[in-house]
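One structure is given below, encoded as structure tokens.
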Amino acid sequence: MGVRPEYFMATHPDSPFYGAPQRLDEMMGAGERLQAADLPAGWLRQTFGVWEGWTPRDWRPRLQGWKIHVSASLAHATTTLERVTSICVEREVAFKFLPNEAMLADTNGKQADRGSSGKFVTIYPGDDTQFAELLIALEDALAGQDGPYILSDLRYGDAPVYVRYGGIMALHYPDERDQPVAALAGGDTLTLVPDERQPKFTVPAGVELPACLVAPYERSRQGTPSRLREFKAVSALHFSNAGGVYLATLPDGTRRVLREARPHTGIDGRGRDALTRQLEEERVLTDLSDLPGVQHLVGSFTAWEHRYLELDYVVGRTLTSWVVQNSPYDSRDGGAKRAEYGRRCRRIVGRLVDTVAAIHARGWCIGDVHPGNIMVTDDDDVVILDLEDASRLDAERTVGFRVFEFCAPEEFTAEQADWYAVSRSIMLLYEADWELEVVAPAFWAEAVRRLEAEYGAEARAQLDAVTARFPTLEHHLLSPRETVGLYATPPTADEAIPALDAGVAWSRAFSARNSYPGDPTQARDVSESLGFGRAGVVWSRLRTDAAQHSDDLDLLEAAARDWSPEEIPGLYDGLAGLALTLADAGRPSAAVAAARRALQGAEARRRLDLYGGQVGVLLAGIEVAAATGDEELRRDALAGHERLHRAVARAGGHLDALTHRRGLHFGLAGLALLDLSAHLATGEARLLDRAIDRLADEVGACFVTADGEMMVRDVDNNRALPYIEWGSAGVWAVVQLAERLARQRLLDDEQRDAFARSCSADFYVYPGLDHGRCGTAVVLSGAGPRYAAEVQRQRDLVLATLLKRLDMAFVAGDGYLRLSSDLATGAAGVRLGLHCLAAGRPFDWLPLGRGTADRIAALPLPDAAGVPVPDRPAALIPGVVGHG
């Protein structure tokens, strides 16, 4: 369903598990070193990130000011750097540069950040006088050299020389999630303001243009006549560093798509820039202009320094979006929706195959077939978009872009590679988890079997006709040397739990940090954490009374002891999670020390949520105090809870930070869980009332889909989310716990059934605990016997996702390219979830101490026979108004 680049970068051929992400030059080779000069005597050389910096030994930098950027194409990079180095060394001016071809190609690549792309060399003048002198020298020295336009900067003259006012020495302040924001000291008060690095040139407030920039600035503001001015409205559909894609409307209402190409950017695997590809695509589209199923070319034009293709606007959605919108996720209607969906899929497949065959018949291969480039119209017709990677069928196959799940092996011809990608696009329609074939090659055959069983022989025949057009594949391009297999029949839960534990133990051999490999997309090292590392594996084993690896507790205690104050104190990603685990493991001194340090660290940070902020740290503090009997820690954690409550009660940033992403990990549901933990620790009824009020806010922010599912809305990405981490299941889980503590139902039957439907789908993208089927199944199990049959069905569907090797079971991680053993996305979490289902303890996965978990497990359902009526009635949470 579209794999993020971070997952690809974390695949290593020697491991079936995700590893540490690699840089581009590590994966693809650094290429030629671009700096030919030797470091001058008396100069210093430093490497930081992707940059190599050269500075005079006695350099004293300014805090901020005007700085110079130089861009370069790959063809001119060595010459450009040679000339810039000569100028800077002669004048003893500090500078930094990208040292090799891979780094330069990456910064000029299609997916590079548009605000920083193109910056090959950065020069730091000592003052504005030297700044002006350097500009004159650089413009003269670099005449005739070329490079990308740096969108964040102002161009000086005709050479690839650009300027921007910004920070020279690093200044930062933390945002609401404690991520560093690059800053400038602004105004007379020197208050820190963001150092904006947007893809447009801006002059910070209070900064004056030097005289040498007045003329270039005025030139940049002068418009030039172009076809672009004939459109009455232009809005962006998509941006990449290669150029934008825009919806443009003419005065008569006709809509067009404009595809922009920026020279020297968007470098592909063939070394071509966006402009070169666009010129080739124009030739292809002209040749195919009479062909149905290909986006029609209206014309082309140049505006400013960028070139545009003008294309017909196709009403519809990409194949990926069409699948998400139309897949029959609920089969309890007797199969009518599935049958209708299958009929529509067969029409789409037929049109797709016919269109690709027709393009091939004209002598062209497409080269970049994937669901994002296949548009499905409102009447289920197909239009192929984006032919910039097309080439002649008889040409030697070279790869411009790789959407790796759809990229055929190197030995395939260009025509075979197109059909390979078509086959995977077809499978996406029917079995969206087909990407498991990367780590479990036998899964492709299983996906084909399921396709036929669920959608019939005609759908299978369409796929077979496509796969017959290319050689049988033994392994995917990204498959590791050691792969895993499938169960002939899914294991029982009793079989799966020890098999998963064995698989987790085996995975440790593949961890570079002697931990357990998990999700690779975290910003920092989380190899010891609760969510993604050792603590999560240990904690899940403690919950199920399983044996621990011989040295895991000692290593965890050492990690907690050595935790730096600068490191994250959070629950799932930091020290608080280690404290919670050590307390459950019977290491009270280490647990209390870690919890105290986490509290101190959280007090110095802005982040508030359960996942990595104050809510999670305070929760761990209360739970560790309850487990160890440490009164001072208990007092401090409860006092911190009250301070946080008062801060959130005030309108503004504190509340806003917990209402943007609704659900357990990032929303008010997490704060409500903290309230319930404090209620259990103190017995104070006001804390239970407080939790119920917050949950009313969370439920009120949910919406009910047309299919009757209660969902959380992702307002940034226009998605509906049912999961624990970020979604309705996490909200419902805390509501269920509050109901048991209040001894009264807080939801009506309609609300409860809507939550249940969101936890009862036929398809979830991933199997894991935090944002997968296992988590939603466990939450459903907490709603009582009314849903017992569906809980059993969901459990069986979880078991059917497990992979195997010998007597070990495994869980595919997010992205499906490798396995994961962690609590959040992998085997440790699924193992814990299966335990919750088997033991009838639906809250054991919540990040609470073992003693608290045991108390909760003894609480009856609020509508169970014999439950006494409370003295204080709890108000029902108001119903959700409206549908999404």
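Counting from 715, one number per residue, gives the positions in the sequence shown under the working numbering.
Every residue gets a Cβ at the ideal spot worked out from N, C-alpha and C, and that includes glycine.
Identify whether residue i lies in helix, strand or coil by the three-state DSSP scheme.
i	result
V686	This structure cannot settle anything about residue 686, because the visible part of the chain is limited to 715 through 1598.
E746	coil
G1030	strand
H886	strand
A1497	coil
I1438	coil
V1240	coil
G900	strand
E1317	helix
G1598	The predicted model places G1598 with a pLDDT of 41, which falls under 50 and marks its position as unreliable; any figure quoted below should be read in that light. G1598 falls in the coil class under three-state DSSP.
F731	strand
H1485	coil
F1120	helix
L1461	coil
G1013	strand
D909	coil
E1504	helix
L1023	strand
P1212	helix
D1585	Here the model assigns D1585 a pLDDT of 44, short of 50, so the residue's position is not dependable, and the following value carries that caveat. Reduced to three states, the DSSP call for D1585 is coil.
Q1601	Beyond the ends of the chain as shown, which are 715 and 1598, falls residue 1601; an answer cannot be given.
H726	coil
G983	coil
R1174	helix
A1579	The pLDDT assigned to A1579 is 47, lower than 50, so where the model puts this residue is not dependable; a value taken from the coordinates is nonetheless given after this. If DSSP states are grouped into helix, strand and coil, A1579 belongs with coil.
Are the Cβ atoms of residue i and residue j separated by less than 9 angstroms?
i	j	result
H1549	R1257	yes
G1335	A1309	yes
V780	V877	The sequence given here places Trp at residue 780; Val does not occur at that position. For W780 and V877, yes; Cβs fall inside 9 angstroms.
A786	L818	yes
V1493	W1446	yes
G1381	V1426	yes
L1296	A1274	yes
Q1328	G1354	yes
D1344	P1283	no
A1371	E1412	no
F1557	L1451	yes
A988	G957	yes
R1519	W1220	yes
A1538	E1439	yes
S830	R718	no
I864	G1007	no
Just confirm the distance between the C-beta atoms of residue i and residue j, as a whole number of angstroms; I'd bet it's less than 8 angstroms.
i	j	result
N955	R828	5 angstroms
Q778	G881	5 angstroms
L1025	V948	Incorrect: roughly 14 angstroms between the Cβ atoms, too far for contact.
D1233	F1246	5 angstroms
V1525	A1541	4 angstroms
L1066	V1136	6 angstroms
L1517	V1152	In fact, because the Cβ distance is near 11 angstroms, the residues do not count as touching under 8 angstroms.
L1324	L1387	7 angstroms
A1351	L1313	7 angstroms
L1546	W1559	6 angstroms
Kindly say whether residue i, judged by its beta-carbon, lies nearer than 9 angstroms to any beta-carbon of chain C.
i	result
D1132	Among the chains in the structure shown there is no chain C, since it carries only a single protein chain.
Inside the segment 1062-1108 only - beta strand (DSSP E) runs reaching at least 3 residues: 1088-1091, 1096-1098
Inter-stretch contact (C-beta, 8 angstroms, three-pair minimum) for the segment 799-815 and the segment 837-854: yes
Cβ contact (3+ pairs, closer than 8 angstroms) linking the segment 1503-1522 and the segment 1173-1191: no
Within the segment 1255-1297, ranges of the alpha helix (DSSP H) (whole runs, at least 4 residues): 1266-1275
Those runs of the beta strand (DSSP E) which lie wholly inside the segment 1509-1550 and span at least 3 residues: 1517-1519, 1522-1524
Ordered list of alpha helix (DSSP H) runs contained in the segment 1327-1414, each at least 4 residues: 1328-1342, 1345-1363, 1367-1371, 1382-1396
The segment 1073-1093 contacting the segment 1151-1166, beta-carbon criterion three pairs below 8 angstroms: no
Every unbroken beta strand (DSSP E) inside the segment 798-871 [3 residues or more]: 808-811, 835-838
Alpha helix (DSSP H) segments (min. 4 residues) lying fully within the segment 914-979: 925-934
Meets three-Cβ-pair contact criterion under 8 angstroms: the segment 1029-1046 and the segment 1087-1100: yes
Segment contact, 8 angstroms Cβ cut-off, at least three pairs: the segment 922-939 with the segment 960-971: no
Cβ contact (3+ pairs, closer than 8 angstroms) linking the segment 1509-1526 and the segment 1132-1145: no
Three or more C-beta pairs below 8 angstroms linking the segment 1121-1128 and the segment 1092-1111: yes
Inter-stretch contact at 8 angstroms, needing at least 3 Cβ pairs: the segment 1232-1246 / the segment 1545-1559: no
The segment 878-897 in contact with the segment 1312-1322 per 3-pair CB rule at 8 angstroms: yes
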